[in-house]
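Residue numbers (numbering that gives the first Met the number 0), protein chains in the order written: chain A, 0 to 269; chain B, 0 to 347.
Just below is one structure, and these are the notes that go with it.
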Amino acid sequence: MLHIVACIKQVPDTKIIKMNPKTNTMDRASAPAILNPYDAHAVEEAVRLKKKYGGTVSVLTMGPPPAVKAIKKCIELGADEGYMISDRAFAGADTLATSYALTKALEKIAKQRPIDLIICGKMTIDGDTGQVGPGIARRLNIPPLTGVNKVVEVNKEKGYAIVHRKLEDGYEVVKSQLPCLFTVEKDINDISFAPLPNMIKAARYQPTIWTADDLENVDRKQLGLKGSPTIVSKVWAPPKPEGGKILTGTKEQQVDELLSILLEQKELFS
Amino acid sequence: MNFDDYRGIWIYVEVRDGQVAPVSLELLGAGRALADKRKTELAGVLIGRGVKTVAPTLFQYGADVVYVYDDPIFEHYRTEPYMRALLDCCHKHKPEVILYGATPSGKDLASAIATDLPTGLTADTTILDIEEDTGLLLASRPAFGGNIMATILCKKYRPQMATVRPKVMKALPPDPSRTGRVVEEHIELHEEEMRTKVLEIVRETKKARIDEADIIVAGGKGMGSKEGFQLIHQLAEVLGGAVGASRDVVEAGWIDHHHQVGQTGVTVTPKIYFAIGISGAIQHVVGMQNSELIIAINKDPNAPIFQSCHYGIVGDAFEIVPLLIERFKEEIPKIKAAAGEKEGIANA
Ligand SMILES: Cc1cc2nc3c(=O)[nH]c(=O)nc-3n(C[C@H](O)[C@H](O)[C@H](O)COP(=O)(O)OP(=O)(O)OC[C@H]3O[C@@H](n4cnc5c(N)ncnc54)[C@H](O)[C@@H]3O)c2cc1C
Ligand SMILES: Cc1cc2nc3c(=O)[nH]c(=O)nc-3n(C[C@H](O)[C@H](O)[C@H](O)COP(=O)(O)OP(=O)(O)OC[C@H]3O[C@@H](n4cnc5c(N)ncnc54)[C@H](O)[C@@H]3O)c2cc1C
Numbered sequence: 000m001l002h003i004v005a006c007i008k009q010v011p012d013t014k015i016i017k018m019n020p021k022t023n024t025m026d027r028a029s030a031p032a033i034l035n036p037y038d039a040h041a042v043e044e045a046v047r048l049k050k051k052y053g054g055t056v057s058v059l060t061m062g063p064p065p066a067v068k069a070i071k072k073c074i075e076l077g078a079d080e081g082y083m084i085s086d087r088a089f090a091g092a093d094t095l096a097t098s099y100a101l102t103k104a105l106e107k108i109a110k111q112r113p114i115d116l117i118i119c120g121k122m123t124i125d126g127d128t129g130q131v132g133p134g135i136a137r138r139l140n141i142p143p144l145t146g147v148n149k150v151v152e153v154n155k156e157k158g159y160a161i162v163h164r165k166l167e168d169g170y171e172v173v174k175s176q177l178p179c180l181f182t183v184e185k186d187i188n189d190i191s192f193a194p195l196p197n198m199i200k201a202a203r204y205q206p207t208i209w210t211a212d213d214l215e216n217v218d219r220k221q222l223g224l225k226g227s228p229t230i231v232s233k234v235w236a237p238p239k240p241e242g243g244k245i246l247t248g249t250k251e252q253q254v255d256e257l258l259s260i261l262l263e264q265k266e267l268f269s
Numbered sequence: 000m001n002f003d004d005y006r007g008i009w010i011y012v013e014v015r016d017g018q019v020a021p022v023s024l025e026l027l028g029a030g031r032a033l034a035d036k037r038k039t040e041l042a043g044v045l046i047g048r049g050v051k052t053v054a055p056t057l058f059q060y061g062a063d064v065v066y067v068y069d070d071p072i073f074e075h076y077r078t079e080p081y082m083r084a085l086l087d088c089c090h091k092h093k094p095e096v097i098l099y100g101a102t103p104s105g106k107d108l109a110s111a112i113a114t115d116l117p118t119g120l121t122a123d124t125t126i127l128d129i130e131e132d133t134g135l136l137l138a139s140r141p142a143f144g145g146n147i148m149a150t151i152l153c154k155k156y157r158p159q160m161a162t163v164r165p166k167v168m169k170a171l172p173p174d175p176s177r178t179g180r181v182v183e184e185h186i187e188l189h190e191e192e193m194r195t196k197v198l199e200i201v202r203e204t205k206k207a208r209i210d211e212a213d214i215i216v217a218g219g220k221g222m223g224s225k226e227g228f229q230l231i232h233q234l235a236e237v238l239g240g241a242v243g244a245s246r247d248v249v250e251a252g253w254i255d256h257h258h259q260v261g262q263t264g265v266t267v268t269p270k271i272y273f274a275i276g277i278s279g280a281i282q283h284v285v286g287m288q289n290s291e292l293i294i295a296i297n298k299d300p301n302a303p304i305f306q307s308c309h310y311g312i313v314g315d316a317f318e319i320v321p322l323l324i325e326r327f328k329e330e331i332p333k334i335k336a337a338a339g340e341k342e343g344i345a346n347a
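This is how it looks when you write it as structure tokens:
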């Protein structure tokens with residue numbers, strides 16, 4: 000039986016985000032928090048693999064208490080267990096400190112039930128670095144398979160997985176030993192509708208919540224802001240472009256003017 | 000950590016099918032400026048099989064030194080062997096800065112290296128600078144879906160590392176007279192110990208690739224339907240250009256994902272970019288804003304795309320685009336004929 004852990008994060012919906020034009024900061028209150036869209040695909044894939052091979056899907060998140068909502072969403076999608084690490088000590092973590100804290104939680108989860116496979120999203124839509132997944136893999140000393148857009152086979156008995164990894168101009172088929180870590184692309188699957196029993200389970204579900212003290216062998220210097228080599232020193236709104244020339248006249252005149260502008264680049268059309 | 004031990008700007012160089020990846024040449028250009036400011040060397044790190052031959056190209060584009068790890072085990076990119084080689088190089092030669100292309104393999108490798116060293120890693124940088132006296136790297140990047148820019152610093156660790164978006168930095172014009180020092184390196188790695196194997200590589204056709212096109216005709220949700228979107232294909236065909244699309248069009252299933260321009264699609268820099276029936280959301284604009292000439296056609300005079308274009312037509316795409324197609328059908332043969340004539344004269 001496989002034990003798959005999907006790492007998930009609650010993020011502000013960047014589609015709806017508003018900037019405060021006076022302070023050039025993000026108006027976080029304006030943006031509803033959602034499950035990072037890529038992570039929904041990670042959970043969906045884990046649930047599909049569970050259905051195919053049998054096993055358990057756990058989800059893990061690091062975040063403030065409201066992030067419980069993102070875990071409930073994953074239960075709706077078919078996850079069995081949810082774990083959350085939440086503590087002021089984790090605040091301000093960059094990707095290095097984030098992957099450290101998550102790894103400590105994964106080690107604790109693995110003690111209860113050994114982990115065969117970890118699945119992360121390709122990236123988040125807020126920090127969008129895509130660095131946390133490979134960071135966790137490195138810390139656990141397991142192979143990272145980034146950009147996975149198809150899982151061909153997971154064979155626990157023989158201890159391997161075969162996947163497609165997206166490249167700039169195609170894909171590669173890779174075989175890896177288990178355990179390993181995937182980061183998944185959006186086109187790996189379509190999110191299924193949550194069946195009613197899952198919704199009911201999710202509504203009642205209470206995840207396991209750990210603080211930094213609950214984790215074992217934690218070096219506090221590696222957590223949160225203290226454990227983060229990168230710092231965000233300045234944040235600004237990207238400069239507004241000035242805008243172009245709007246052509247005038249009748250449609251025919253506008254098209255003619257555009258044509259003469261474009262045809263200046265004759266070599267492109269010859 | 001003694002910062003004075005760390006010297007030099009490094010570029011992790013990607014080679015595909017025997018060719019240096021364009022992003023690596025762009026990074027050499029950006030790295031040269033940083034190295035000159037710091038009065039230090041610019042190095043390229045080359046890992047692969049049979050890659051030594053590209054060292055002269057790296058010198059022409061600005062490198063002073065090239066470290067080479069050339070071994071059959073590096074035939075295909077895999078995190079484990081590449082990471083071991085680059086870590087070996089870092090421990091031996093201690094760079095101050097390492098830059099990687101923000102490509103699938105560049106990001107993968109950089110994340111692994113940052114964790115191991117450990118050090119900070121700035122993702123998807125689009126603006127780079129360095130403080131002349133302290134050597135502090137100022138790496139700026141878009142975040143929150145392009146809604147904000149942030150400058151990221153790594154004050155307490157060395158090397159400072161960043162992945163850099165393809166197509167935002169500029170390669171230098173190659174100087175054939177430039178040469179440099181090749182340093183051959185080696186580490187013991189055994190295939191039996193590697194935990195991953197590349198079984199097969201499948202290349203998708205060039206035709207769909209919009210990142211190399213000179214002319215892109217991109218359409219958005221304003222085209223109304225898959226059928227309406229055909230107008231975009233028609234204009235592209237007349238112009239000999241490629242078809243681009245906004246994400247909403249891809250999500251509607253009118254066209255395949257690899258035509259998507261933008262933050263979660265492809266970054267493009269054609270000579271001419273048409274944005275037709277595209278509103279101009281920031282996530283779209285970040286993918287095309289470096290195009291040389293941007294033309295927007297939109298029926299809403301307040302559409303944000305008009306802020307990001309060079310020339311705009313306020314109007315209905317279903318009226319404007321057919322006119323454009325018709326006029327180009329008349330004009331392009333004339334240009335071709337004229338070009339043919341000129342060639343004829345030159346040959347005579
Ligand atoms: C403006 C801004 C810019 C930043 N730039 C950088 C930078 O350049 N370098 C840097 O190191 N840090 C940076 N950070 C910090 C970074 O956003 C945080 O470290 C964040 O906690 C994790 O990075 P991410 O959101 O980019 O995750 P990604 O690496 O993009 O996430 C990939 C996957 O990892 C998993 N994952 C990520 N976070 C969690 C979590 N909390 N719980 C569970 N699973 C998770 C998910 O599966 C997710 O899909 C920046 C932060 C801000 C606000
Ligand atoms: C994390 C994240 C990543 C994203 N990544 C991308 C990305 O990579 N690429 C991308 O494109 N988007 C991306 N988006 C989506 C983006 O925010 C916008 O939703 C999307 O670009 C809008 O597509 P559109 O302009 O085609 O559609 P709309 O916003 O619906 O705009 C349609 C436009 O067509 C005009 N129009 C309507 N009818 C006509 C007509 N007959 N003639 C002329 N004009 C007409 C309208 O005035 C309108 O301006 C991303 C969003 C998020 C949150």
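Glycine included, each C-beta is placed from N, C-alpha and C at the ideal position.
Exercise. Alpha carbon to alpha carbon, what distance is there between proline 142/A and glycine 279/B?
Worked result: Translated into positions along the second sequence, residue 279/B becomes position 280. Translated into positions along the first sequence, residue 142/A becomes position 143. Looking at the two C-alpha atoms, the distance is approximately 39 Å.
For this session: Give a single yes or no on whether threonine 263/B has its beta carbon closer than 8 Å to a heavy atom of ligand 2.
Result: Mapped onto the second sequence, residue 263/B falls at position 264. Yes, since a heavy atom of ligand 2 falls inside the 8 Å radius drawn around the Cβ of threonine 263/B.
For this session: State yes or no: is the C-beta of alanine 149/B nearer than 8 Å to some heavy atom of ligand 2?
Result: In the second sequence, the residue the question calls residue 149/B occupies position 150. Outside the cutoff, so no.
For this session: Please go through the same chain and pick out, in chain order, the residues whose beta-carbon is closer than 7 Å to the beta-carbon of asparagine 346/B, but skip the five residues on each side of it.
Result: Position 347 of the second sequence, counting from 1, holds the residue named residue 346/B. Unreliable positioning characterises asparagine 346/B in this predicted model, as indicated by a pLDDT of 49, which lies under 50. The coordinate reading is nonetheless provided below. Within the same chain, asparagine 346/B has no close Cβ partners at all.
Problem set entry | Contiguous beta strand (DSSP E) assignments of at least 3 residues, all confined to the segment 30–101 of chain B | 41–47, 64–69, 96–100
Exercise. When DSSP labels each residue in this structure, what does valine 267/B get in the three-state scheme?
Worked result: For this step, residue 267/B is matched to residue 268 along the second sequence. Note: valine 267/B maps to coil in three-state DSSP.
Exercise. How about glycine 132/A: is its Cβ closer than 8 Å to a heavy atom in ligand 2?
Worked result: For the purposes of this step, residue 132/A is identified with residue 133 of the first sequence, where counting begins at 1. Checking the Cβ of glycine 132/A against ligand 2 gives no.
Exercise. Does DSSP put leucine 107/B in a helix, a strand or coil?
Worked result: If you number the second sequence from 1, residue 107/B lands on position 108. Looking at the sequence itself, residue 107/B is aspartate, so the reference to leucine does not match. Looking at aspartate 107/B - three-state DSSP - the assignment turns out to be helix.
Problem set entry | Option in Lys328/B, Ala142/B, Asp174/B, Ile97/B with minimal Cα separation from leucine 238/B | Along the second sequence, one-based indexing puts residue 238/B at 239. Out of Lys328/B, Ala142/B, Asp174/B, Ile97/B, Lys328/B has the C-alpha closest to the C-alpha of leucine 238/B.
Exercise. Just to check, is the beta-carbon of serine 227/A closer than 8 Å to a non-hydrogen atom of ligand 1?
Worked result: Indexing the first sequence from 1 puts residue 227/A at position 228. Yes - ligand 1 has a heavy atom lying nearer than 8 Å to the Cβ of serine 227/A.
Exercise. Looking at C-alpha atoms only, which residue of Ser23/B, Ile254/B, Ser110/B, Leu45/B is the closest neighbour of serine 224/B?
Worked result: Residue 224/B sits at position 225 when you count from the first residue of the second sequence. Here the closest residue by C-alpha is Ile254/B.
For this session: Apply the 10 Å Cβ neighbour rule to glycine 339/B and answer buried if 16 or more other Cβ atoms are within range, or exposed otherwise.
Result: Residue mapping note: residue 339/B aligns to position 340 of the second sequence, counting from 1. By the 10 Å Cβ count, glycine 339/B comes out exposed.
For this session: Identify, in the order they occur along the chain, each residue of the same chain with its Cβ nearer than 8 Å to the Cβ of leucine 257/A, setting aside the five sequence neighbours on each side.
Result: By 1-based counting over the first sequence, the position of residue 257/A is 258. Closer than 8 Å at the Cβ level, and outside the excluded window around leucine 257/A, lie Leu246.
Problem set entry | First and last residue of the uninterrupted beta strand (DSSP E) at lysine 149/A | Position 150 of the first sequence, counted from the start, is the residue given in the question as residue 149/A. It spans 143–154 - the beta strand (DSSP E) in which lysine 149/A sits, taken as one unbroken run.
Exercise. Relative to the alpha-carbon of proline 31/A, which residue among Ala45/A, Tyr52/A, Gln9/A, Ala136/A has its alpha-carbon at the smallest distance?
Worked result: Position 32 of the first sequence, counting from 1, holds the residue named residue 31/A. Checking every option, the nearest Cα to that of proline 31/A belongs to Gln9/A.
For this session: Grab me the residues of cysteine 88/B's own chain with a C-beta within less than 7 Å of its C-beta, minus the 5 sequence neighbours each way, in chain order.
Result: As a working mapping, residue 88/B is identified with position 89 in the second sequence. If we look at cysteine 88/B and ignore the five residues flanking it on each side, its Cβ neighbours are Val44, Tyr66, Glu184.
Exercise. Closer than 8 Å, Cβ to any Cβ of chain A: which residues of the segment 140–171 of chain B, in chain order?
Worked result: Pro141, Ala142, Phe143, Gly144, Gly145, Asn146, Ile147, Met148, Ala149, Thr150, Ile151, Leu152, Cys153, Lys154, Lys155, Tyr156
Problem set entry | Per-residue DSSP class, three states only, for leucine 59/A | Taking the first sequence and counting its residues from 1, the one referred to as residue 59/A is at position 60. Leucine 59/A: strand per DSSP, three-state reduction.
For this session: Please classify cysteine 308/B: does DSSP put it in a helix, a strand, or coil?
Result: Sequence index remark: in the second sequence, residue 308/B carries index 309 (1-based). Coil, per DSSP.
Exercise. Taking only beta-carbon atoms, is phenylalanine 73/B less than 9 Å away from chain C?
Worked result: Of the protein chains in this structure, namely A and B, none is chain C.
Exercise. Counting contacts by CB-CB distance shorter than 9 Å, is phenylalanine 283/A in contact with chain B?
Worked result: Because chain A is modelled from 0 through 269, residue 283/A falls outside the range shown and cannot be assessed.
Problem set entry | CB contact check: alanine 183/A to chain B, cutoff 9 Å | The residue you call residue 183/A lines up with position 184 of the first sequence. In the sequence under discussion, the amino acid at residue 183/A is valine, which differs from the alanine named in the question. Taking Cβ atoms only, chain B never reaches closer than 9 Å to valine 183/A, which makes this a no.
Problem set entry | Alpha-carbon spacing of phenylalanine 73/B relative to glycine 105/B, whole angstroms | What you label residue 73/B is simply residue 74 of the second sequence in a count that begins at 1. What you label residue 105/B is simply residue 106 of the second sequence in a count that begins at 1. Their backbone Cα atoms lie some 15 Å apart in a straight line.
Problem set entry | Residues in the segment 302–333 of chain B having any Cβ partner in chain A nearer than 8 Å | Phe305, Gln306, Ser307, Cys308, His309, Tyr310, Gly311, Ile312, Val313, Gly314, Glu318, Ile319, Leu322, Leu323, Arg326, Phe327, Glu330, Ile331
Exercise. Of the residues that make up the segment 184–199 of chain B, which ones have a beta carbon closer than 7 Å to any beta carbon in chain A?
Worked result: Arg194, Thr195, Lys196, Val197, Leu198, Glu199
Exercise. Name the DSSP bridge partner or partners of tryptophan 253/B?
Worked result: As a position in the second sequence, residue 253/B is number 254, starting the count at 1. Tryptophan 253/B pairs with nothing; no bridge assigned.
Problem set entry | One or two residues paired with tyrosine 170/A in a DSSP bridge | Mapped onto the first sequence, residue 170/A falls at position 171. According to DSSP, tyrosine 170/A bridges with Lys165/A, Val201/B.
For this session: Can you give me the start and stop residues for the alpha helix (DSSP H) that alanine 149/B sits inside?
Result: Reading the second sequence from its first residue, position 150 is the one you call residue 149/B. Looking at the DSSP string, alanine 149/B is not in any alpha helix (DSSP H); the run it does join, the beta strand (DSSP E), is 147–153.
For this session: Taking C-beta pairs closer than 8 Å, name the residues in chain A that histidine 256/B reaches, listed in chain order.
Result: Within the second sequence, the letter at position 257 stands for residue 256/B. By Cβ distance, chain A contributes Asp186.
Exercise. If you check the beta carbons only, do alanine 138/B and threonine 150/B fall under 9 Å apart?
Worked result: In the second sequence, the residue the question calls residue 138/B occupies position 139. In the second sequence, the residue the question calls residue 150/B occupies position 151. Result yes, Cβ atoms of alanine 138/B and threonine 150/B sit closer than 9 Å.
Problem set entry | Extent of the continuous beta strand (DSSP E) to which methionine 83/A belongs | Taking the first sequence and counting its residues from 1, the one referred to as residue 83/A is at position 84. Counting along the chain, the beta strand (DSSP E) containing methionine 83/A begins and ends at 80–84.
Exercise. Rounded to the nearest angstrom, how far is the Cβ of methionine 222/B from that of valine 260/B, given a contact under 8 Å?
Worked result: Taking the second sequence and counting its residues from 1, the one referred to as residue 222/B is at position 223. Taking the second sequence and counting its residues from 1, the one referred to as residue 260/B is at position 261. Going by Cβ atoms, the distance from methionine 222/B to valine 260/B rounds to 15 Å, so no, they are not a contact pair.
Exercise. Do we get a CB-CB distance below 9 Å when we pair tyrosine 81/B with the residues of chain A?
Worked result: In the second sequence, the residue the question calls residue 81/B occupies position 82. Not closer than 9 Å to any Cβ of chain A, the Cβ of tyrosine 81/B fails to qualify, so no.
Problem set entry | Extent of the continuous beta strand (DSSP E) to which glutamate 183/B belongs | Within the second sequence, the letter at position 184 stands for residue 183/B. Counting along the chain, the beta strand (DSSP E) containing glutamate 183/B begins and ends at 180–184.
Exercise. So is glutamine 205/A buried or exposed if we call it buried at 16+ other beta carbons inside 10 Å?
Worked result: As a position in the first sequence, residue 205/A is number 206, starting the count at 1. Glutamine 205/A should be labelled exposed.
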